[in-house]
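*Asks:* Going by this note's numbering, the letters in the sequence shown line up with residues 95 to 434, in that order. Here a beta-carbon is modelled for each residue, glycine too, at the ideal position from N, C-alpha and C. Dropping the structure in here first, questions after.
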Amino acid sequence: MNTTASVARPQPLRERLRPSALWPRFVAWLMHRPHATIGFSILRILMGLSMLIVLVPSYADRQYLWGAGAWWVEPEASRRGWWEPLRVFFPKDNAVVFEICFHLLIVLAVVFVAGFKTRWVTPVLMVLWVGLSTNTTLLGNGGDTLMRIVLLFVVFADLSRHFSVDAWLRHRRGARLSFWARRRPAWVPTWLGAWLHNTVLILCVFQILLVYFVSSVLKFQGEEWLNGTAIYYALSIEQFHVLPALSQLAWQSAPMVALATWLALWVQMLFPLMILWKPTRYAAVFLITGMHLGIAILLGLWPFSLMMIALDLLLVRDGSWMRLGARLASLRRGSLRPAT
């Protein structure tokens, strides 16, 4: 008689994909524990850096861009229908209030990157960032709109579980419970924190899928994208020449320009399908991240590119990040080991 202990076999794919099995699995995924916590921590850092990339280089011209010298953008800014209380933080007719709020916004962005008191900093940062956006509606490259949407979502997410001062303090104090678990009233269900966090994850992923799908549909309506010349024309715009020599080098090879154009078009179009299977999901994230790095380096659109990369990386699971970290640590230990 075989005395070997029976090993539980994974359910066949047909059983796991049955409609009656999908809903319980989704509910368990949604409520048992927060997902993509490493991805959200990376998103926090890249989002804060995106804000600083906008604020710090513009520091000397802040009054002209958003303050008392920004009346040139009126009445267009007022016609956009912003909620009026948001406009009180950066008034064009009160330099003192403007300066206090502008410098506070920079400080909060730095604290946000560091991940200190993130639960309290995030909503205040959101209000001030949106308030600054109400003053000038003509300064932006798509990344600012996406940032405002995502900031509203991530107020309810766990952004500081990794790579943060909050995580360091929790480790130092030996507190293993999350902020939600420690501050949760007794009448609030235990699953609410995970549910909020994972709902934010779904909303953020939906947002990037929407961006890529709409972008690809619009690209298919442009002749330059279909004949493979769109990237050539983008790189030839002098206003976007951050590194002119590199931009000129990039368009020298017609086959490479055509390949990059078609690759950008089809990866964005097929992105919603590619993320359904793990191998193609990581291939899609790798390709789309490379595309955004190219946009940042060659066109100088760093805030937009960093926001898109941050959202794309939410598709990488915590387990994958941990395996990557373990692999890098193993390689580092091997490189430091003295030769015998």
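Lys186: buried (16+ other C-beta within 10 angstroms of its C-beta) or exposed?
*Replies:* Translated into positions along the sequence shown, residue 186 becomes position 92. Classification for Lys186: buried.
*Asks:* Need the endpoints of the alpha helix (DSSP H) that Ala352 sits in, please.
*Replies:* Here residue 352 corresponds to residue number 258 of the sequence shown, with the count starting at 1. Per DSSP, Ala352 belongs to the alpha helix (DSSP H) from 348-368.
*Asks:* Span of the alpha helix (DSSP H) holding Val221?
*Replies:* Position 127 of the sequence shown, counted from the first residue, corresponds to residue 221. Looking at the DSSP string, the run of the alpha helix (DSSP H) that includes Val221 is 212-227.
*Asks:* According to DSSP, is Pro397 part of a helix, a strand, or is it coil?
*Replies:* The residue you call residue 397 lines up with position 303 of the sequence shown. It is helical.
*Asks:* Measuring straight from C-alpha to C-alpha, what distance separates Arg427 and Arg421?
*Replies:* Reading the sequence shown from its first residue, position 333 is the one you call residue 427. Reading the sequence shown from its first residue, position 327 is the one you call residue 421. The straight-line gap separating the alpha-carbon atoms of Arg427 and Arg421 is approximately 10 Å.
*Asks:* I'd like to confirm something about Gly287: is its beta-carbon nearer than 6 Å to some heavy atom of the ligand NAD, or not?
*Replies:* In the structure on display, the ligand NAD does not appear, and there are no ligands present to speak of.
*Asks:* Just to confirm my understanding: we take Trp319, look at its own chain, exclude 5 residues before and 5 after, and list those with CB closer than 7 Å. What are they?
*Replies:* As a position in the sequence shown, residue 319 is number 225, starting the count at 1. Hits under 7 Å: Lys313, Thr355, Leu359.
*Asks:* So for Phe134, helix, strand or coil by DSSP?
*Replies:* As a position in the sequence shown, residue 134 is number 40, starting the count at 1. Phe134 falls in the helix class under three-state DSSP.
*Asks:* Quick one: any contact between the segment 256-265 and the segment 193-201, if contact means 3 or more CB pairs under 8 Å?
*Replies:* no
*Asks:* Nearest to Met220 by CA position, among Asn235, Gly209, Met241, is which residue?
*Replies:* One-based indexing of the sequence shown puts residue 220 at position 126. Cα-wise, what sits closest to Met220 is Met241.
*Asks:* So, using beta-carbon positions, are Pro217 and Val259 closer together than 7 Å?
*Replies:* As a first step, residue 217 must be located in the sequence shown, where it is residue number 123. As a first step, residue 259 must be located in the sequence shown, where it is residue number 165. Against a cut-off of 7 Å, the Cβ pair of Val259 and Pro217 comes out as no contact.
*Asks:* Look at the alpha carbon of Leu295 and the alpha carbon of Leu408, and state the distance between them as a whole number of angstroms.
*Replies:* Within the sequence shown, residue 295 is the residue found at index 201, counting from 1. Within the sequence shown, residue 408 is the residue found at index 314, counting from 1. Distance between the alpha carbons of Leu295 and Leu408 is about 8 Å.
*Asks:* Taking DSSP as the reference, what is the three-state secondary structure of Trp345?
*Replies:* Translated into the one-based positions of the sequence shown, residue 345 becomes position 251. Trp345: coil per DSSP, three-state reduction.
*Asks:* On the criterion of 16 or more Cβ atoms from any shown chain inside 10 Å, does Met401 qualify as buried, or is it exposed?
*Replies:* The residue given as residue 401 occupies position 307 in the sequence shown. With 16 or more other Cβ atoms within 10 Å, it is buried.
*Asks:* Going by other Cβ atoms of all chains shown within 10 Å of its Cβ, with 16 needed for buried, is Val148 buried or exposed?
*Replies:* Within the sequence shown, the letter at position 54 stands for residue 148. Classification of Val148: buried, given that the 10 Å Cβ count is 16 or more.
*Asks:* Using a 10 Å radius around the Cβ and a threshold of 16 neighbouring Cβ atoms, would you call Gly225 buried or exposed?
*Replies:* Here the question's residue 225 lines up with position 131 in the sequence shown. Buried, since its Cβ has 16 or more Cβ neighbours within 10 Å.
*Asks:* Grab me the residues of Ala324's own chain with a C-beta within less than 7 Å of its C-beta, minus the 5 sequence neighbours each way, in chain order.
*Replies:* Against the sequence shown, residue 324 aligns to sequence position 230. So the list reads Gly316, Glu318, Thr355, once near-sequence residues are dropped.
*Asks:* So, are the CB atoms of Leu303 and Pro373 less than 7 Å apart?
*Replies:* Position 209 of the sequence shown, counted from the first residue, corresponds to residue 303. Position 279 of the sequence shown, counted from the first residue, corresponds to residue 373. In this structure, Pro373 does not lie closer than 7 Å to Leu303 by Cβ.
*Asks:* Using only CA atoms, which one of Ala251, Arg181, Ala203 lies nearest to Trp289?
*Replies:* In the sequence shown, counting from the first residue as 1, residue 289 sits at position 195. Measuring from the Cα of Trp289, the nearest candidate turns out to be Ala251.
*Asks:* Tell me whether the beta-carbon of Gly84 lies closer than 7 Å to the beta-carbon of Phe206.
*Replies:* No information on residue 84 is available, as it lies outside the stretch 95 to 434 that the chain covers here.
*Asks:* For Phe183 and Leu222, what's the separation of their Cα atoms in angstroms?
*Replies:* Taking the sequence shown and counting its residues from 1, one reaches residue 183 at position 89. Taking the sequence shown and counting its residues from 1, one reaches residue 222 at position 128. Looking at the two C-alpha atoms, the distance is approximately 7 Å.
*Asks:* Where does Ser330 sit, in a helix, a strand or coil, going by DSSP?
*Replies:* Your numbering for residue 330 matches position 236 in the sequence shown. Coil, per DSSP.
*Asks:* Go ahead and pull the three-state DSSP assignment for Asp252.
*Replies:* Counted from its first residue, the sequence shown places residue 252 at position 158. Asp252: coil per DSSP, three-state reduction.
*Asks:* Alpha carbon to alpha carbon, how far is Leu286 from Leu340?
*Replies:* Position 192 of the sequence shown, counted from the start, is the residue given in the question as residue 286. Position 246 of the sequence shown, counted from the start, is the residue given in the question as residue 340. Approximately 50 Å, taken between the alpha carbons.
*Asks:* Sort Val311, Ser347, Ala352 by Cα distance to Gly322 and report the nearest one.
*Replies:* Residue numbering aside, residue 322 sits at position 228 when the sequence shown is read from its first letter. Closest option to Gly322, Cα to Cα, is Ala352.
*Asks:* Note the first and the last residue of the continuous alpha helix (DSSP H) segment covering Trp165.
*Replies:* Counting from one through the sequence shown, the residue named residue 165 turns up at place 71. First-last for Trp165: undefined, no H or E at that position.
*Asks:* For Trp165, count neighbouring Cβ atoms within 10 angstroms of its own Cβ and tell me buried if that reaches 16, exposed if not.
*Replies:* Within the sequence shown, residue 165 is the residue found at index 71, counting from 1. Counting Cβ neighbours within 10 Å, Trp165 comes out exposed, since fewer than 16 surround it.
*Asks:* Just the Cα atoms here: how many angstroms apart are Arg255 and Pro349?
*Replies:* Residue numbering aside, residue 255 sits at position 161 when the sequence shown is read from its first letter. Residue numbering aside, residue 349 sits at position 255 when the sequence shown is read from its first letter. Taking the straight line joining both Cα atoms gives about 45 Å.
*Asks:* Which residue's Cα is closest to the Cα of Val311: Leu364, His291, Ile331?
*Replies:* Locating residue 311 in the sequence shown gives position 217, where the first residue counts as 1. Of the candidates Leu364, His291, Ile331, the one whose C-alpha sits nearest the C-alpha of Val311 is Leu364.
*Asks:* What three-state label does DSSP hand Thr284 in the structure shown?
*Replies:* Residue mapping note: residue 284 aligns to position 190 of the sequence shown, counting from 1. Coil, per DSSP.
*Asks:* For my contact list, Ser424 and Leu253 are in at a C-beta cut-off of 8 Å; report their separation, rounded to the angstrom.
*Replies:* Here residue 424 corresponds to residue number 330 of the sequence shown, with the count starting at 1. Here residue 253 corresponds to residue number 159 of the sequence shown, with the count starting at 1. Wrong, their Cβ atoms sit about 29 Å apart, outside the cutoff.
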